[in-house]
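Asker:
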Amino acid sequence: MLSNELKAQIRQSFMSLKKNMDGFKVRQTQNRMIAEISKTLSGEYKGNNNILCIEAPTGTGKTFAYLIGSILIAKANKKKLIISSANVSLQEQLFFKDIPQVQKYCCIDFEYALVKGRSRYVCIHNLINVCENNTSDNFLFESIPLFDKPPGKYQLEQLNEMLNDYSTKKWNGEIDDLMRVPDHSIWKKIACNRFTCTTKSCEFYQNCAFFKARQKITKADVIVANHDLVLADLSTGNTILPNVNKSIFIFDEAHHLNSKALSHFSLTTSTELIKTSVKQTKAVSEQLCKISKQDMPDIDIKQIDDYLTNLIQLFKKLEFNDDIYLFNQGIIDKSINQISENILTLIGAIQTKFMLLKESWDDYLKITVIDKSISDSINNATGECEQHLLSIIALFSSFLQTDEPNKAPHSRWIEKSTLANKKNSYLLNSAQTNISKNLDQLIWSKVSGAVLTSATLTSLGSFERLNKQLGLLRNENQYLRLPSPFVFDQVDFIAAKLKASPTQVYEHTQEVALQLLKRLDSNEGSLVLFASNKQMQIVADLIEKKLDCTLFVQGKYPKKYILEKHTDLRKQGKGSVIFGLDSFAEGVDLKGDNLTHVIIAKLRFSVPTSPIDKTLATYLESQNRNPFMEISLPDASLKLIQACGRLIRTETDTGKITIFDNRLVSKFYGKQLLNALPSYNIIVE
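The opening position of the sequence shown corresponds to residue 1 in the numbering used here, with each subsequent residue numbered one higher.
And the structure:
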């Protein structure tokens, strides 16, 4: 329960922020959000999970609302506050701008820290080894296949520069703070890795960038993370973040949590990785046994190669569609299933033998002094072998798993790719189509409290889609939709009269081009949003030379560059038009005269194209359910609202929205989509 003292502290902190912060605007919705967060997190709603889903439209001031409400409650209850964002830019805005502001005016002291994934930090131990062992005949590069090929001269110069900057404290060891980032293949070998890390046994433990960052986390009251890191940490044992049951979570941009989780719980391996991993494991085992004078375990490469050859022959007979073969309802063909089981058994046996060998090697190092460069390179190689073997076992275990009846099945598919030598490699994939149970087990059933917020959380005016995706139970949680602080009835939402439906692709594309030439004002700032890159490129080719203003097309220039150049032109009073796809329909903040016309080429229906989407759609149909009504329509509603939301960013913004999709008028679901929009002045031509 909220004590009177805690209520007073929250009120005092908010009043101080309101009074002293430059440019602060009073919003009733922000007051309500603070109150609802405070009540939920302090357990005032009996019988619930202390979980709140809150849709807070642009202009609500949601960041300061959840910071003020949650920091004081977490501190009073001796809980850690973990704020998770969907992307790096929001994470950095929180850490460098918003939280320092709150700290300035908050009536209690608190410490905060930024947390990143382990792989974002350099392993100084590995970096030194690479820089010191850089000759072509060196043990590190030749005896153990740690690198596909040794780093080149330029790469080694860059690595030595990084080592020097780290030693002189010019660089803090984070990849994000490098002016020049090394190739991914090189960074992967020098980055922190839980499989190769020896923690306190490492001589560089006290000077390790990752563990220095972790020490800051243990002292911090507020931890700024991101969705990917939270999911990765919780699913691998919760070793970086504080324990879930001792934490309060804020998930900002929570509408991204489902897609992040679906991606995170997907597994993949390739026929080539299996081959190289087994060969590397045998090579490392031979070196290890030779030095420690142990008997070499039986690692039969030929038997695995034979099974892989047979598996590839079966894959060649499959009918691939755009290099993908999707197993119906995730059920693997019997012949492929049998060979996969044999491979899993063999890899499992190799992994067991290898781990016993690794243990005896660790014991050997405790009583024997050997050349450090040799032991270090073997330790790194054993860690990498362990990582690869475990990932292969995890994939095959999921690939061969029997799904529960009457539950959404796993999506399983084969993907064909061409190697540099023009041979085909095959990727085996297994992914969950429903991660609600995972999220409940990892977070919702354990957490002390949680707030999920975003400008768009509902679909068709309901939280039902969010609940299904994330495994939230409506009866046990709190839900709030805040009204927008902006007035929308002066904004015209124009459903343009078009002859062609978006399903008539050629005719619709030609008509969109003609309509744009009529409707674009060459003296304004306009944003045209497309659902198809192909349509966007064709329309750009058709109209670019006929426009009397500058046209920026996504893909031709980086997003940041386009937004900067567009803003510069508007400052000079010149017209500018941006053509963009999904990434411009969200997170773009063009205020005032920078944007007065948003044009939407067509509704963004999520046609099931990915293997995961196709599997789920087929499953729903098998249950006599309608994937269009359950998935495509709610998602299209959310995406339409997000796209429209690019227009009004402040109380003084004005403009209009035009959509070139006659299905809003001709189809039965059109009214549902229109009714879910903010209170625009809807004009159907």
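For each residue, glycine too, the CB sits at the ideal point set by N, CA and C.
Give me whichever residues DSSP pairs with R481 in a beta bridge.
Answerer: Looking at the DSSP assignment, R481 forms a beta bridge with E55.
Asker: I need the boundaries of the beta strand (DSSP E) containing N258, first residue and last residue.
Answerer: Careful: N258 lies outside any beta strand (DSSP E), inside the alpha helix (DSSP H) at L257 to H264.
Asker: By the DSSP assignment, the beta strand (DSSP E) with W413 in it spans what residues?
Answerer: Counting along the chain, the beta strand (DSSP E) containing W413 begins and ends at S411 to T418.
Asker: When the Cα of S637 is compared with those of A676, S610, Y479 and T654, which residue comes out closest?
Answerer: Looking at the Cα atoms, A676 is the closest of the given residues.
Asker: What does the alpha-carbon distance come out to for the pair A209 and S445?
Answerer: Taking the straight line joining both Cα atoms gives about 33 Å.
Asker: According to DSSP, is V607 part of a helix, a strand, or is it coil?
Answerer: Of the three classes helix, strand and coil, the one that applies to V607 here is coil, per DSSP.
Asker: Verify the CB distance criterion: does A261 have a CB-CB separation below 8 Å to chain D?
Answerer: Among the chains of the structure shown, chain D does not appear; only one protein chain is present.
Asker: When you compare each of K212, N87, K80 and V102 to G61 by their alpha carbons, which one comes out closest?
Answerer: Looking at the Cα atoms, V102 is the closest of the given residues.
Asker: Expressed to the nearest angstrom, what Euclidean distance is found between the alpha-carbon atoms of E55 and Q93?
Answerer: When rounded, the distance between both Cα atoms is 20 Å.
Asker: Taking 6 Å as the limit between beta carbons, can you name the residues of its chain near I339, skipping five residues before and five after?
Answerer: Y307, N310 and L311, listed in sequence order.
Asker: Would the segment 587 to 597 and the segment 638 to 649 be scored as touching if the rule is three or more Cβ pairs under 8 Å?
Answerer: Result yes; three or more Cβ-Cβ pairs closer than 8 Å.
Asker: Mind checking L457: buried by the 16 CB within 10 Å criterion, or exposed?
Answerer: L457 comes out buried.
Asker: Going straight from the alpha carbon of I68 to that of T29, what length do you get?
Answerer: In a straight line, the C-alpha of I68 is about 14 Å away from that of T29.
Asker: What separation, rounded to the nearest whole angstrom, lies between the Cα atoms of L674 and E341?
Answerer: Roughly 52 Å between the two C-alpha positions.
Asker: If I follow the unbroken beta strand (DSSP E) through K317, where does it start and stop?
Answerer: Note, K317: premise wrong, no beta strand (DSSP E); not H, not E.
Asker: Going by CA-CA distance only, name the one from K353, N421 and A601 that's closest to K497.
Answerer: Nearest of K353, N421 and A601 to K497, Cα basis: A601.
Asker: What residue from W361, D541, N126 and S522 has the CA that sits closest to Q510's CA?
Answerer: For Q510, the nearest C-alpha among the options comes from D541.
Asker: Short check: CB of C202 to CB of Y121, under 8 Å?
Answerer: Not a contact, by the Cβ cut-off of 8 Å.
Asker: Does the beta-carbon of G686 have 16 or more other beta-carbons within 10 angstroms, so that it is buried, or is it exposed?
Answerer: There is simply no residue 686 to check, as the chain begins at 1 and stops at 685 in what is shown.
Asker: With which residues is A191 paired in a DSSP beta bridge?
Answerer: V122, per the DSSP bridge assignment.
Asker: Label N434 either buried or exposed according to how many other C-beta atoms from any shown protein chain fall within 10 Å of its C-beta, with 16 as the threshold for buried.
Answerer: The residue in question, N434, is buried, as its Cβ has 16 or more Cβ neighbours within 10 Å.
Asker: Under 6 Å Cβ to Cβ from N245, same chain only, skipping five residues before and after it: list those, please.
Answerer: Closer than 6 Å at Cβ, skipping near neighbours: K446.
Asker: Confirm, please, whether the CB-CB distance from F660 to V512 is below 8 Å.
Answerer: Yes. Within cutoff.
Asker: Please identify the residue among L390, N258, V491 and G330 whose C-alpha is closest to the C-alpha of T618.
Answerer: If we check each option's Cα against that of T618, G330 comes out closest.
Asker: Assuming L52 and E36 are in contact, meaning their beta carbons sit under 8 Å apart, how far apart are those beta carbons, in whole angstroms?
Answerer: The pair is a contact, with the Cβ atoms about 6 Å apart (cut-off 8 Å).
Asker: Beta-carbon within less than 8 Å of G670's beta-carbon, same chain only, minus the 5 sequence neighbours each way: which residues are those?
Answerer: Cβ within range, chain order: R663 and L664.
Asker: Please report the straight-line C-alpha distance between N172 and I10, rounded to a whole angstrom.
Answerer: Cα to Cα, the separation comes out at about 36 Å.
Asker: So I99 and V222 are in contact, right, with Cβ under 8 Å, and what is the actual spacing, rounded?
Answerer: Contact flag correct, Cβ pair sits at about 6 Å.
Asker: Assign I740 to one of three DSSP states: helix, strand, or coil.
Answerer: Absent from the structure is residue 740, since the part of the chain shown begins at 1 and ends at 685.
Asker: Please go through the segment 59 to 98 and give each complete beta strand (DSSP E) segment of 3 or more residues, from N-terminal end onward.
Answerer: You should have 80 to 85.
Asker: For F320 and M629, what's the separation of their Cα atoms in angstroms?
Answerer: Near 29 Å, if we compare the C-alpha coordinates of M629 and F320.
Asker: If you draw a straight line from the alpha carbon of E132 to that of K200, how long is it in whole angstroms?
Answerer: Whole-angstrom Cα-Cα distance: 22 Å.
Asker: Is Y680 buried or exposed, if buried means 16 or more other CB atoms sit within 10 Å of its CB?
Answerer: Buried: at least 16 other Cβ atoms inside 10 Å.
Asker: Quick one: which unbroken beta strand (DSSP E) runs of 3-plus residues sit fully inside the segment 392 to 455? Chain order, please.
Answerer: The qualifying runs are 411 to 418, 424 to 431 and 449 to 454.
Asker: Three Cβ pairs or more, each shorter than 8 Å: is that satisfied between the segment 382 to 402 and the segment 291 to 304?
Answerer: Segments in contact, no.
Asker: Measure how close the beta-carbons of L400 and I414 come, nearest whole angstrom, since I'm counting them as under 8 Å.
Answerer: Wrong, their Cβ atoms sit about 14 Å apart, outside the cutoff.
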